[in-house]
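Chemist: Below is a structure I'd like to ask you about.
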Amino acid sequence: MAKIYWDKGHGGSDPGSVANGLQEKQLTHKIVEYAMSYLEANYTGFEQRVTRTGDQTLTLSQRADMANAWGADVFVSVHINAGKGTGFETYVYNGGVSSKTVALQNVLHSEILAAMRKFENVTDRGKKRADYAVLRETKMPAVLTENLFIDSNDAKHLKNEAFLKAVGEAHARGVAKFLGLKEKPKAQPEAKPQQKPSDKKLYRVQVGAFADRENAERLAEELRKKGYPVYITD
Ligand SMILES: [Zn+2]
Numbered sequence: 044m045a046k047i048y049w050d051k052g053h054g055g056s057d058p059g060s061v062a063n064g065l066q067e068k069q070l071t072h073k074i075v076e077y078a079m080s081y082l083e084a085n086y087t088g089f090e091q092r093v094t095r096t097g098d099q100t101l102t103l104s105q106r107a108d109m110a111n112a113w114g115a116d117v118f119v120s121v122h123i124n125a126g127k128g129t130g131f132e133t134y135v136y137n138g139g140v141s142s143k144t145v146a147l148q149n150v151l152h153s154e155i156l157a158a159m160r161k162f163e164n165v166t167d168r169g170k171k172r173a174d175y176a177v178l179r180e181t182k183m184p185a186v187l188t189e190n191l192f193i194d195s196n197d198a199k200h201l202k203n204e205a206f207l208k209a210v211g212e213a214h215a216r217g218v219a220k221f222l223g224l225k226e227k228p229k230a231q232p233e234a235k236p237q238q239k240p241s242d243k244k245l246y247r248v249q250v251g252a253f254a255d256r257e258n259a260e261r262l263a264e265e266l267r268k269k270g271y272p273v274y275i276t277d
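Adding 43 to a residue's 1-based position in the sequence shown gives its number in my numbering.
Structure representation (structure tokens):
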């Protein structure tokens, strides 16, 4: 069972960046919720947890500690950028990182960028490295995503629920590809042809054997009242 740890950036008393009527903590909550439901619906062979289910306040070290204590295989921290720029970027730790970490960054970066570009040709700000606490303190491959800017024209996408859903689902696909998760079999689109009644086997159930016919009649009557077709045989 692969273990996936999602981190909804910020939360509680820390809203993250705020602009254009948007709060970073609410956007990261939505994106991660979309990612988790998409994984649940489409893949098998994994467990997933999240740093905050609602609007809890957590320190950066608490987030890393929870993922480490659980023994997660992957850690993904979702954020929204600020500073009046534009575009998408991802981060891994700028110290020593494993080739797995680089692979996780590569697959997440390309999945998410492709999903965003179905809406607009957003700027690729690149795959970056930084000394962020959640990346430094986590022991497993960890990536932090910065999904557009809350305080620029990018905000129009962050106000679009379909965009947030697509970005969340792209996070999920990236993680699934990295872990090699098995896809759930797709539900059959066409209904099964109705079986003809004549093809059906009938199984009979006997419910009692009585020496006294009256007792048999009494049970038969009870069963008829409950809607069962009843036959008395001798
Ligand atoms: Zn942030």
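Heads up, the beta-carbon is just placed ideally off N, CA and C, and yes, glycines get one too.
Just so we're clear, the structure is a prediction, and the values are computed from it rather than from any experiment.
1) If I measure Cβ to Cβ from Ala185 and keep anything under 6 Å in the same chain, skipping five residues before and after, which residues do I get?
2) Going by beta carbon distance, what residues of the same chain come within less than 7 Å of Lys161, once the five residues before and after it are set aside?
3) Among Asp116, Asp174, Met79, which has the Cα closest to the Cα of Leu103?
4) Would Arg95 and Lys46 be called neighbours here (beta carbons separated by less than 8 Å)?
5) Skipping 5 residues on each side, what residues in its chain have a beta carbon closer than 7 Å to that of Asp167?
6) Sort Ala158, Leu147, Val93 by Cα distance to Leu222 and report the nearest one.
7) Cβ atoms of Glu226 and Tyr86: under 8 Å apart, would you say?
8) Is the beta carbon of Ile155 within less than 7 Å of some heavy atom of ligand 1?
9) Considering just the uninterrupted stretch of the alpha helix (DSSP H) at Val177, what are its terminal residues?
10) By DSSP, does Thr188 sit in helix, in strand, or in coil?
11) Considering only residues of the same chain and omitting the five flanking positions on each side of Lys100, which have a CB-CB separation below 7 Å?
12) Is there at least one Cβ from chain B nearer than 8 Å to Asp255's Cβ?
13) Thinking C-beta only, is Ala215 closer than 8 Å to Ala78?
14) What do you get for Lys127, buried or exposed, if any count of 16 or more other CB atoms within 10 angstroms of its CB means buried?
15) CA-CA distance, Asn124 and His152?
16) Should Gln69 go down as buried or exposed, given a rule of 16 or more other Cβ atoms within 10 Å for buried?
17) Check each residue's C-beta against every heavy atom of ligand 1 and list, in chain order, those closer than 6 Å.
18) Taking just the CA atoms, how far does Phe89 sit from Leu224?
19) Measuring straight from C-alpha to C-alpha, what distance separates Ala115 and Met183?
20) For Phe89, which residues does DSSP report across the bridge?
21) Since I believe His122 is in contact with Leu187 (beta carbons under 8 Å), could you give me their beta-carbon distance rounded to a whole number of angstroms?
22) Taking the straight line between their C-alpha atoms, what separation do you get for Gly74 and Glu67?
Modeler: So, to answer that:
1) Phe118, Leu178
2) Ala209
3) Asp174
4) no
5) Gly130, Phe131, Leu156
6) Leu147
7) yes
8) no
9) 176 to 180
10) strand
11) Note on residue identity: the sequence assigns Thr, not Lys, to residue 100. Excluding sequence neighbours, Thr100 sits near Gly54, Gly55, Ser56, Asp57.
12) Annotation note: the requested chain B is absent from the structure, which comprises a single protein chain.
13) yes
14) exposed
15) 15 Å
16) buried
17) Gly52, His53, Gly59, Glu67, His122
18) 7 Å
19) 7 Å
20) Ala45
21) 6 Å
22) The question names Gly, yet the displayed sequence has Ile at residue 74. Spanning the two alpha carbons is a distance of roughly 11 Å.
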